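J.:
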Amino acid sequence: MSQLPASIDDAIVLLQKQHYICGRGLGTVVHLALTLGKPLFLEGEAGVGKTEIAKALAAGLGRKLIRLQCYKGLDVSSAIYEWNFAAQMIAIRTAEATGEADRHQLQQELLSDDYLIRRPLLEALQPCPEGPPVLLIDEIDRTDEPFEAYLLEVLSDYQVTIPELGTVTAGQPPIVVLTSNRTREVHDALKRRCLYHWVDYPEFDRELEILRARVPQATDKLSAEIVAFVHTLRDADLFKSPGIAESIDWARCLIALDTIALSPEVITDTLGALLKYQDDIIRVAGAETTRVLDEAKKRLVTAN
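First residue of the sequence shown? That's 18 in the numbering used here, and the numbers climb one at a time after it.
1) Looking at C-alpha atoms only, which residue of Arg-136, Asp-254, Glu-242 is the closest neighbour of Ile-265?
2) Does the segment 88-108 come within contact of the segment 131-150, defined as at least 3 CB pairs closer than 8 Å?
3) Keeping to the same chain, check which residues put their C-beta closer than 6 Å to that of Glu-263; ignore five residues upstream and five downstream.
4) Measuring straight from C-alpha to C-alpha, what distance separates Phe-164 and Tyr-175?
5) Could you tell me the alpha carbon to alpha carbon distance between Ile-97 and Ser-129, rounded to whole angstroms?
6) Which class does Arg-84 belong to by DSSP, given the choice of helix, strand or coil?
7) With distances taken from CA atoms, which of Ile-192, Ile-154, Gln-124, Glu-305 is nearest Ala-50?
8) Label Ser-19 either buried or exposed according to how many other C-beta atoms from any shown protein chain fall within 10 Å of its C-beta, with 16 as the threshold for buried.
9) In chain order, what residues of the same chain lie with their CB nearer than 8 Å to the CB of Leu-21, ignoring the 5 residues before and after it?
10) Quick one, which of Pro-233, Lys-34, Arg-308, Thr-45 has its alpha-carbon nearest Trp-215's?
11) What ranges does the beta strand (DSSP E) occupy inside the segment 110-164, keeping only unbroken runs of at least 3 residues that lie completely in it?
12) Pull the bridge partners of His-214 from the DSSP assignment, please.
13) When burial is assigned at 16 or more other CB atoms within 10 Å of the CB, is Val-30 buried or exposed?
14) For the candidate residues Ile-261, Tyr-294, Leu-85, whose alpha-carbon lies nearest to that of Glu-62?
15) Considering only the beta carbon of each residue, do Cys-87 and Ile-38 sit closer than 8 Å?
16) Quick check on the burial criterion: 16 or more other C-beta atoms within 10 angstroms. Buried or exposed for Glu-220?
17) For Lys-34 and Pro-150, what's the separation of their Cα atoms in angstroms?
18) Buried or exposed for Pro-144, going by 16 or more other Cβ atoms inside 10 Å?
19) Does the Cβ of Pro-180 have 16 or more other Cβ atoms within 10 Å, making it buried, or fewer, making it exposed?
20) I need the boundaries of the beta strand (DSSP E) containing Gly-183, first residue and last residue.
21) Among the candidates Leu-195, Ala-104, Glu-113, whose CA atom is the shortest distance from the CA of Asp-131?
22) Excluding the five sequence neighbours on either side, which residues of its own chain have a C-beta within less than 7 Å of the C-beta of His-248, listed in chain order?
23) On the DSSP bridge assignment, give the partners of Val-177 in chain order.
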């Protein structure tokens, strides 16, 4: 287990060691969240690296990563706890078959910790030898508002209530990271409990640094061409602009094809790694590919 970063620069270095390249703004809010023990709320477009921050923090600090993937209809049994009904039924049948069915004692045993299945939120409140875990609540905007409201208790007091067992409180609060793609607005009451940061697409130089860290097999020339092309695409009228995750995937695809430099042909063949909607692929394919590539080359000259 590593010590928490003592400064903003230490927080940036901590993330850099896990190949996560960030600016001072993000480094500052990460440092403050760790120092103050506040949840970190990260909002931004899909693919800009919000989830990766939690993964980098867990790896850099030597902590366990616990992930709650949110979705519409997420409820308590999926997020916090549920009882192992199958094991409980087996215990009941066994007690009946052996004639040892003391009703009161059996009820106490069936509602004990042995039959409790811990889901992510409850698991994050348990003590860990390596220190408080990193709890990633991913894509909170996909949940329903009632579940969002339930999170207020967890993030306010770091505790959950199990009617059969009582209240479970964390000895040491977990490091909490919430992410949102902003498909809907998250309630202010939840945001007030967090430190907020908008994770934007990186500038050219930073994205180039990220690509070199994540795909070191790519030559400097190819990496620069990839970043210039992706940045040019983000200026186009697309349904979903490619994020950093798509840039990295595309670079790996190009390396697998032994690509030395971008060409209209190789771009057309690999657009499925970069764009995820058919309408966007159709819009960029053909003559538009050549035009975007030409614009990217001009952008690259300007960047240099």
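Using N, Cα and C, we set each Cβ at its ideal position, and we do this for glycine too. Bear in mind the structure is a predicted one, so any value in this text is a computation, not a measurement.
T.: So, from the data block:
1) Considering only alpha carbons, the answer is Glu-242.
2) yes
3) Gly-64, Leu-291
4) 16 Å
5) Taken atom to atom, the span from the alpha-carbon of Ile-97 to that of Ser-129 is near 16 Å.
6) strand
7) Ile-192
8) exposed
9) Answer for Leu-21: Leu-51, Thr-52, Leu-78, listed in chain order.
10) Thr-45
11) Listed in chain order, they are 133-135, 151-155.
12) Leu-59
13) exposed
14) Comparing alpha carbon positions, the residue from Ile-261, Tyr-294, Leu-85 closest to Glu-62 is Ile-261.
15) Taking the C-beta atoms as reference points, Ile-38 is found no nearer than 8 Å to Cys-87.
16) exposed
17) Put simply, the backbone Cα of Lys-34 is about 19 Å away from that of Pro-150.
18) By the 10 Å Cβ count, Pro-144 comes out exposed.
19) exposed
20) 183-186
21) Ala-104
22) Phe-221, Arg-316
23) Val-185
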